[in-house]
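Numbering (our numbering), first residue to last: 3 to 1273.
From the three backbone atoms N, C-alpha and C, an ideal C-beta is built for every residue, glycine too.
Quick caveat: nothing in here was measured; it's all calculated off a predicted structure.
Data first, discussion second: the structure below is written as structure tokens.
Next up, the structure:
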């Protein structure tokens, strides 16, 4: 039988009683049906057990409801034993797992895994519930099983805690027309179960599931022993579902369930399968084996533990000898229970175990000399000791509560663990309801279990409620005291529980042992009997509320009201807060939208917002509970009136969706019938209108718009006139439509994978308020939009997330009103989600003075799609954490000077990279910097293009930057030809590291040699810059014709007087026929001052002119011959002398060799040489005798025989022997030079690197010695 639950109550409403001994006779037991298979051929097993002090638990068993008017059995008291100690025999039978049987449940989880399934309906009116039993793990001793470890279910799968609840007969199947029936087979046999569902009203096939036990879905267990089949008969429209079990095994026995679902319909059916072993001779006396004894005698059943809880004298079995096994074999499974109880077999659990399992002798416990009792009981707040005796004191012991290990803690006094010899004791202090649980102790591999019941004492009433008599509107306070603080009590009025919610007139308060029920404003309805119910008793008291005498302070007055005007009636009575009723002509007046009935203390008001003809009459106010009444007459006059209030339109606004038909009917009144005019603005609406028309009837007027348009929105005025007067009203027609698209969204902020966007609402909301917005986004290169919100966004801002950094996106917005969704807005401008950069790299010190530190660094390795806006430089004094920002505005350069530093201080510096996404992780200098300047001798570094004459044309700008070095800041001075430079002609600007000469418009007078001097204390360095300003030359002088012969003319001239401050590079000679005077160029870039012009036309007369040319260009003017040359025909032929052509071919020869060169690391270097050869030679450059081919670090030029090799930003690796080789078919030539690349370190950089001073002096002197020959 199920174990008792202490919170179950007796059938008479009292709680369970627990006593050490009781002689109460149990009530007749109800009929219970059992499924029994023949027991194995073994002999009954003898059991031994001690008989501890039993605990009797009397528990009501609710009767099973039956059909067809059958009588229900009376409740019974079930006496359950609390302890059984069986050492020789138990139900230790192990089942092998199979595909069709669930694994044996863990004893701590058995209560959760055995979920009850829906029970099938009874077969007939007299059939009682079957009892199906879920067996726990057979390897666990019966005496160690707690109530959490074994579940008995009344019906099919009912939990133990629900045994005391009435079981309702389930409704007949709504889906299954044929249910599978239980059956029995022998081991190795086959059996089929069939379920049928009628598909007459089903649109699709229903879903069916087959289960074994409470949870195992058999769909995953199909195989050679289990097959599931589905068929459909189109003629009868019936689905047939079959489950075939082939070659059944012993562990296939158990409870099965079939569940059918279709949409919201559900149906299920449970059935049992019994697997029998081969019949053998049986000589077991089943009645003696499974009778429950009081002391666990040898003839007790397998699960006979009732004798441990209640001491009863064994009774003599007066039943005649009957073969119960034969009766059970011939009976139906649903009759097993009745037969078992008829022949005195009460140990139902033991009976089933003995019938279904093979008995095996239990091994004697090796760990426990004495185990826990099966059950203990303690009062709430008390203390209890759980004691076990160990056979081996060295074994490790663990205590568990509901399967959870109990671990001792230093500050917790709830559980105390003690040791006395071989005894192990756990003490539970201050027991509460949460301590009511299953406890177990494990010693090695063995385990024993017990159950603790905590008894809660009843709450008694120590001070009764006092009766109260008062009048209305007074405060009532009922008080009562109970025996326990925090007790749960219930207040009732006339036997019904008092509502105590937030809006209730009743308030409940408790403090300690006291409980109050408070009524702030008592009314006559509060009269009655109030009671307080506790678990240990009830207290009652009567409350009587009476009325106060009525006094009329202000009576009702007769009134005359204009129709349509408000009607207000007022009276004042005492006492206040007395409700009353208003009557008109004997009819009760109810409050509505037009009539408002108010009561404030003594004042009672009746207000009619718009009075009508029907409001005239005799008005009476009757106070509730009094026989007196107040009366008055009201007269209504009837001018014309428009009854807009009957339309129930908010603010007299009629809303219509565009394109629909609108018809508004407005009731009117007036006697005689008024003349009605409809107007919109100044336009009168006629009844003969086509799309918009107005119509008037006896009691109402109407406005009809066949197809509503946006322009129909506006105010419509109604004017009524009759002899009694004039009335007017207006209604507003609102034509609504979907809104216009919102404005183009604006993306205000962008993150790594998110952005913030905002937009303006649509200009036209469609006549209906905007309810919200939908937002979509897409990649710019994609055409697929993705919605970002499925719930309307109420705001005009949104933050899309989960975007890919660096990918352009666009967003758009839809507006939504009550009519629908607008068209999408125009897409926003494309934006790219951005993230912060990585930290800057290679942060080093560039320069240090007494008050400044210059830092330089390289850009971050990872910049990302956000780019780089600039850098933020911070510093702090060593030993502090106060970082100060040095640049308030971002610097885009990778170099920055920190100013205003205290001399000889040590500082730390860090740099952050800033972009649109924010600041990066800072890059901090690993060591501190000493703010102290080091003297460095001055050094002028003349750029290579200024080491030769610097040439510029007249009018061009001259901007020369000459860098220099030196610390502290050098003093720079300039002289021109030994004289001070005129600042009005030449602008000179000096900085810490360079000097700039600037001439806005160069003139020839600016030419000359400029001397630059740089001074640092006693150290001086000088340099010379030669500037040449050139202009166009003048024309040649004295051009004359020396001789004319045949078609030839010999010319001669002198160079120009003004060469433009540059050498004359050639002349251009032109000729012109005297007849046309059109000039034609004969020759350009001619270098000599005499020439012979040939191939002139005989008979023509020619003039000649000559332009001079320098590096700037041709002279502005030309010198023309004064005389002309006439070409005449002569009879003699001129023999041209024969000349032998000179052979200009020669092998390559270098006219200017390569020279050894020193280069500075990081600055471009060039190697130059010149070669002469004919034909033009092939030039090959080599480094260390290896040809330089397609190397991007080198650039090679060849112009007019001058060969140049440019080395881009050389490093020490680029030093070595360079050679230039020229080759043609006549021979070859080779020149070589040595290139050395210096590191280019300054004096301060060497000091910062910690180089000793004598090594620095040696390095600087060598560098200076190398640079002197270059000057």
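Endpoints, the beta strand (DSSP E) within which residue i is located
i: residue 600; result: 597-602
i: residue 975; result: 973-978
i: residue 1231; result: 1229-1240
i: residue 452; result: 448-457
i: residue 832; result: Element bounds for residue 832: n/a, residue is neither H nor E.
i: residue 745; result: Run containing residue 745: none; DSSP gives neither H nor E here.
i: residue 759; result: 757-760
Pair within 9 Å by beta-carbon distance, residue i and residue j
i: residue 605; j: residue 573; result: yes
i: residue 374; j: residue 389; result: yes
i: residue 1223; j: residue 1249; result: no
i: residue 610; j: residue 620; result: no
i: residue 681; j: residue 720; result: yes
i: residue 1237; j: residue 1160; result: yes
i: residue 1076; j: residue 1084; result: no
i: residue 1288; j: residue 533; result: Because the chain here runs from 3 to 1273, residue 1288 falls outside it and cannot be looked at.
i: residue 1105; j: residue 1127; result: yes
i: residue 742; j: residue 764; result: yes
i: residue 1018; j: residue 969; result: yes
i: residue 1028; j: residue 1062; result: no
i: residue 906; j: residue 932; result: yes
i: residue 562; j: residue 585; result: no
i: residue 927; j: residue 845; result: yes
i: residue 511; j: residue 521; result: no
i: residue 1035; j: residue 1060; result: yes
i: residue 591; j: residue 668; result: no
CA-to-CA distance, residue j to residue i, given in whole angstroms
i: residue 244; j: residue 195; result: 6 Å
i: residue 930; j: residue 1262; result: 26 Å
i: residue 858; j: residue 1168; result: 28 Å
i: residue 447; j: residue 369; result: 8 Å
i: residue 828; j: residue 746; result: 5 Å
i: residue 113; j: residue 403; result: Any answer about residue 113 is weak, because its pLDDT of 34 lies below 50 and its placement is not dependable; what the coordinates show is given next. The alpha-carbon atoms of residue 113 and residue 403 are separated by roughly 14 Å.
i: residue 717; j: residue 615; result: 28 Å
i: residue 497; j: residue 541; result: 12 Å
i: residue 1131; j: residue 1097; result: 13 Å
i: residue 213; j: residue 220; result: 6 Å
Where residue i sits in the DSSP three-state scheme
i: residue 258; result: strand
i: residue 192; result: coil
i: residue 634; result: strand
i: residue 343; result: helix
i: residue 616; result: helix
i: residue 1008; result: helix
i: residue 186; result: strand
i: residue 1105; result: strand
i: residue 413; result: coil
i: residue 1282; result: Not covered by the structure: residue 1282. The range shown for the chain is 3 to 1273.
i: residue 684; result: coil
i: residue 376; result: coil
i: residue 645; result: coil
i: residue 625; result: strand
i: residue 844; result: strand
i: residue 264; result: strand
i: residue 784; result: coil
i: residue 814; result: strand
Anticipated Cβ contact below 8 Å, residue i with residue j, distance rounded
i: residue 638; j: residue 688; result: No, residue 638 and residue 688 are not in contact; Cβ-Cβ is about 33 Å, not under 8 Å.
i: residue 596; j: residue 647; result: 6 Å
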